[in-house]
Structure formats: C-alpha cells, structure tokens
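Numbering (the numbering used here), first residue to last: 385 to 680.
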C-alpha cells in the first residue's frame, strides 16, 4: 500500500506539472484546473501518512517482542540502558552488585519510556524501602504489577508510543525540556504572523493572475519579498528552532502516554492513585501537553 500510494503521488505531481504547462504557457486551460490535482494530492498524502504510521507502529511492536524474546533467551545484554549513573557512586553496594552499566540489573529490568521512569527505577534500586510503611508500598506495587500483567494492549501501546519511526527510545528529558521552555521568545513581533498569512494569500493570488493573464510580475514580487523577510530573520529562526525538534518529540511522547493512561480504568489502589494524580486538573494532562506542542 505504501509503495502504491507513493507512485500515485508521483503521478499526481506529473499531472499537475502537465496542467501547469497547458494553463500557464499554452493558455489552453484555466489555472483553476490546478486545484484538482492539488486536492487529490492532499487527500492521498493524508491517507498515505496514516498508512506510514500504521507500518511504523507495527515495526516498533515487532521490535518490542524481539527484545522480549532476547530477554527470555538471555540475549538482552547490549540492548538496553548501559550508561553509568552519577547517583550510584555514593551507594555502598551498586558497584558490587552491578546495578548499572553493561549487563547490569538495571539494563535487564528497565523498560521505561521516559527519563523520569528510569530515575524512579534507579531510585528504587539505590534506596530500598526501610520505613514501617514499606510492606504496604510493596504490596501496592505487586497488585499493580499483577493487574498490568494481563493488559497486553496497554503495555504494547505504551511501548510503541511517541515518534513515528521504528526507533524505540527513552524520551522526555526534563532538564533539556525545561531549558527549552524557559527560553525567551525570539520572534516577539505579532505582525509577523499576519504578514506571513498576507504573503501566502498574495502568492496564491499572484499565481492565479499569472495563469489567467500571463503576467508574472506580481507572483515574482511576492517571492522576492518573502525571501528578503526570511533572510532578515535567519538568525532568529535558527535560534528559535534550536532544540525544537527534540522538545516537540518529547512533548509528543508525553502527550501520547498520558492520553493512553487516561483511557484506561484500573482496579489496584496504586494505579488508581497514579491516574488520579495525572487527571486531577481541569484540563487533562494529555490535552495540556498537546497544546504546548502547538505553542512550540
């Protein structure tokens, strides 16, 4: 399906170029006919994107189960988190028990999708519960694990959430994300938004004038103005886009994980508490994070 849709998109581009030649140079067709292949291309591209996402999720799910088989067959070393942790230096037993690093207990256990999840697991390994409430906490965790064991769809969805590619990576780096979010705005002039919209409308109008009358000057003039504005804002744009891709990927992963948890109903007290903490605000956490993506 992916290959067929790719070929169809190529044919639509060729058809659009032929129509443009007939309308803009031969003047035998109206330029309005160009809207037909354009609309078809948009529709096919949207459907194609959905197909690519499904293929990506299937590939990532297969990778999850390959890792699971590797764990069962004791081939897991080198496939997980092998980095040393600075907070393990002060531990009395982390080095002796190989809690972190290549072939460590942490690499075997960790299936976390976020850096915060890795930090919590590392904290549990480095700081065992010694309080009088420890037994109750352990029982709550065991009840949560027992409930999650049978929820294959939930665990698979969490494992494959995030970016639309095959790579299964731990995301949501809190420090980097916070630094990016606290950066001052680089494009403070609100007039730029309206200028961009106006230039887009003028470029379309210029293309129509070119197709109907053969006069190219308005369209070319708009292109020159857009190029000058883009050149003048180059430094600001580069600074604004610095780190944006990583931040948006983190926000997408966090939003998808929260949305999946919000749809689930839990029975164990520990999981109910976690879900309540995530959905206790007026706006669901997934929706609030999704709004941050659009602002970014």
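The beta-carbon is built from N, C-alpha and C at its ideal position, and this holds for glycine as well.
Nearest candidate by alpha-carbon position, reference residue i, set the options
i: residue 417; options: 399, 433, 428, 432; result: 399
i: residue 411; options: 604, 594, 639; result: 594
i: residue 610; options: 500, 526, 587, 444; result: 587
i: residue 496; options: 415, 584, 506; result: 506
i: residue 596; options: 391, 414, 533; result: 414
i: residue 641; options: 663, 577, 620, 460; result: 663
i: residue 602; options: 385, 567, 590, 502; result: 590
Backbone secondary structure at residue i - three-state DSSP
i: residue 555; result: strand
i: residue 601; result: helix
i: residue 544; result: helix
i: residue 663; result: coil
i: residue 514; result: coil
i: residue 440; result: helix
i: residue 434; result: helix
i: residue 650; result: coil
i: residue 421; result: helix
i: residue 534; result: coil
i: residue 411; result: coil
i: residue 567; result: coil
i: residue 621; result: helix
Beta-bridge pairing of residue i - partner residues as DSSP gives them
i: residue 498; result: 555
Close Cβ partners of residue i (< 8 Å) along its chain, the five nearest in sequence each way excluded
i: residue 425; result: 393, 396, 397, 400
i: residue 654; result: 524, 525, 527, 528
i: residue 485; result: 466, 467, 468, 491
i: residue 561; result: 631, 634, 635
Contacts around residue i, its chain only, beta-carbon distance under 6 Å, and the 5 residues preceding and following it disregarded
i: residue 668; result: 646
Cβ neighbours of residue i in the same chain (closer than 7 Å, five flanking residues each side left out)
i: residue 681; result: Outside the displayed range of the chain (385 to 680) lies residue 681, so it cannot be described from this structure.
i: residue 403; result: 413, 417, 418, 421
i: residue 656; result: 650
i: residue 488; result: 482
Can you list the alpha helix (DSSP H) stretches of 4 or more residues lying completely in the segment 454–496, in chain order? Complete alpha helix (DSSP H) runs here, min 4: 489–493.
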